[in-house]
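>
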Amino acid sequence: MVRFAIAGLAMLALAGAVAAEEDQGPALVDLFARTCALRPALPSEIERTATGLGFVKDGGPISADMEAGPQIDILYMARLTKRGENVGMTAYFSGPVDGPTVICSLTTIGVSAEALPGLIERTLNAHDQTEKAANDGNRLVANWRVGAAGSDDTLEISAWRTPPRRTSISITYRGRKR
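Just so we're aligned: the sequence shown equals residues 15 to 192 in my numbering.
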């Protein structure tokens, strides 16, 4: 009987270690820091950055003509599937070309909703966290302010607590020409 109890505890510890190893949160936050958190001003900037990291765009390349004119309205979508990662990216640029509103998101599965907020605050310099109530109680929804004081930049996560633990990290900001 004692042997079974010890074996059971060992299996639980092993299962916990395996679950911890499967947390895709650090990889997701790292990719977010290297893409969306850079606050690209134009779709061609996010395309260059994402392509350099191995993302493959849905559709053709973004041309200079697409970014010309007084207004911009471009949705960029790509997916990263190398190295065992499966991360989707969307970036929507809308408004005046010299300062569009941008919503940039990364999504994946296998992220710990409990560990993600601390990871975001440490890695992305996010502050003033506010949590929203999720209708089902099975999802963490939280917002932060990011950037300099007085900035309207906001970061939001939506993370499911149950498998497959779908997660999305989004940033909304005003793009600026560089």
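We put the CB at the ideal spot given by N, CA and C, even for glycine.
Quick one: what's Gly102 bridged to in DSSP?
Numbered from 1 along the sequence shown, position 88 holds the residue referred to as residue 102. For Gly102, which the question treats as bridged, DSSP gives the partners Arg93 and Thr121.
> Within a Cβ cutoff of 6 Å, which residues of the same chain sit near Thr121, ignoring the five residues on either side of it in sequence?
Within the sequence shown, numbered from 1, the residue matching residue 121 stands at position 107. Closer than 6 Å at the Cβ level, and outside the excluded window around Thr121, lie Gly102 and Ser182.
> Kindly give me the distance between the Cβ atoms of Ile60 and Tyr106, rounded to whole angstroms, as I take these residues to be in contact under 8 Å.
Start at 1 with the first residue of the sequence shown, and residue 60 comes out as number 46. Start at 1 with the first residue of the sequence shown, and residue 106 comes out as number 92. Not a contact, Cβ separation roughly 10 Å.
> Please classify Gln38 as buried or exposed, where buried requires at least 16 other C-beta atoms within 10 Å of its C-beta.
Counting from one through the sequence shown, the residue named residue 38 turns up at place 24. Buried: at least 16 other Cβ atoms inside 10 Å.
> Mapping the DSSP letters down to three states, classify Gly53 as helix, strand or coil.
Your numbering for residue 53 matches position 39 in the sequence shown. Note on residue identity: the sequence assigns Arg, not Gly, to residue 53. Here Arg53 sits in coil by DSSP.
> DSSP on Asn157, reduced to helix/strand/coil?
Start at 1 with the first residue of the sequence shown, and residue 157 comes out as number 143. The answer is strand: DSSP assigns Asn157 an E or B state.
> Would you call the stretch 133–143 and the stretch 154–173 in contact, with 3 or more CB pairs under 8 Å?
Yes, they touch.
> Taking Ala78 as part of the beta strand (DSSP E), name the residues at either end of that continuous run.
Mapped onto the sequence shown, residue 78 falls at position 64. Note, Ala78: premise wrong, no beta strand (DSSP E); not H, not E.
> Keeping to the same chain, check which residues put their C-beta closer than 8 Å to that of Pro131; ignore five residues upstream and five downstream.
Your numbering for residue 131 matches position 117 in the sequence shown. Excluding positions up to five away in sequence, the list reads Gln143, Leu154, Ala156 and Ile171.
> Starting from the C-beta of Ala148, find all residues in its chain whose C-beta is less than 6 Å away, skip the five residues before and the five after it, and write them out in chain order.
Numbered from its first residue, the sequence shown carries residue 148 at position 134. So the qualifying residues of the chain are Val155.
> Where does Val111 fall in DSSP's three states?
As a first step, residue 111 is located in the sequence shown; it is residue number 97 there, counting from the start. Three-state DSSP puts Val111 in coil, outside helix and strand.
> Can you grab the Cα-Cα spacing for the pair Glu145 / Cys118, in whole Å?
The residue given as residue 145 occupies position 131 in the sequence shown. The residue given as residue 118 occupies position 104 in the sequence shown. Computed Cα separation, rounded: 20 Å.
> To the nearest angstrom, report how far apart Asp112 and Gly83 are at their CA atoms.
By one-based count along the sequence shown, residue 112 stands at place 98. By one-based count along the sequence shown, residue 83 stands at place 69. Straight-line Cα distance between these residues: approximately 10 Å.
> Leaving out the 5 sequence neighbours to the left and right, which residues in its chain are closer than 6 Å to Thr65 when beta-carbon positions are compared?
Within the sequence shown, numbered from 1, the residue matching residue 65 stands at position 51. No residues qualify anywhere along the chain.
> Between Glu35 and Val125, what straight-line distance do the alpha-carbon atoms span, to the nearest angstrom?
On the sequence shown, position 21 is the one that residue 35 refers to. On the sequence shown, position 111 is the one that residue 125 refers to. Summary for Glu35: the model assigns pLDDT 48, below 50, so the residue's position carries little reliability, and this model does not support an answer.
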